[in-house]
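A.B. asks:
In my numbering, the protein residues as written are 169 to 262.
1. The beta strand (DSSP E) that contains residue 229, what's its start and end?
2. How long is the line joining the alpha carbons of residue 182 and residue 254, rounded to whole angstroms?
3. Starting from the C-beta of residue 187, find all residues in its chain whose C-beta is less than 8 Å away, skip the five residues before and the five after it, and write them out in chain order.
4. Report buried or exposed for residue 213, applying the criterion of at least 16 other Cβ atoms within 10 angstroms of its Cβ.
5. Give the DSSP bridge partners of residue 226, in chain order.
6. According to DSSP, is residue 179 part of a helix, a strand, or is it coil?
7. May I have the straight-line CA-CA distance separating residue 225 from residue 196, to the nearest angstrom?
8. Could you work out which residue in 177, 185, 227 is closest to residue 244 when comparing CA atoms only?
9. Contact defined as beta carbons within less than 8 Å: I believe residue 216 pairs with residue 174. What is the distance between those atoms, to the nearest angstrom?
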């Protein structure tokens with residue numbers, strides 16, 4: 169599965185984002201952080217992200233792999249850019 173196809177799937181980016189801190193949340197904790205994701209969808213995303221080499225199950229929780237951390241860091245840069253980007257009223261005029 170191509171990475172962008174995977175990241176475009178419902179909840180995939182949110183799961184990555186929630187795993188971005190250094191804790192290793194359990195399945196239940198991750199489900200609570202994602203608020204609203206069903207257990208079957210979360211299990212599917214974790215499996216797919218694991219198969220892509222981005223997430224791993226460590227002990228009782230989940231962590232980003234080295235590749236997952238690299239992707240997260242790049243997503244964080246995009247998030248910072250988006251926080252600075254504010255369309256002005258002039259930008260929204262036809």
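Here a beta-carbon is modelled for each residue, glycine too, at the ideal position from N, C-alpha and C. Since this is a predicted model, take the numbers as computed values, not measurements.
C.D. replies: So, from the data block:
1. 229 to 232
2. 22 Å
3. 193, 198, 223, 230, 231, 232, 236, 240
4. buried
5. 229
6. coil
7. 13 Å
8. 185
9. 6 Å
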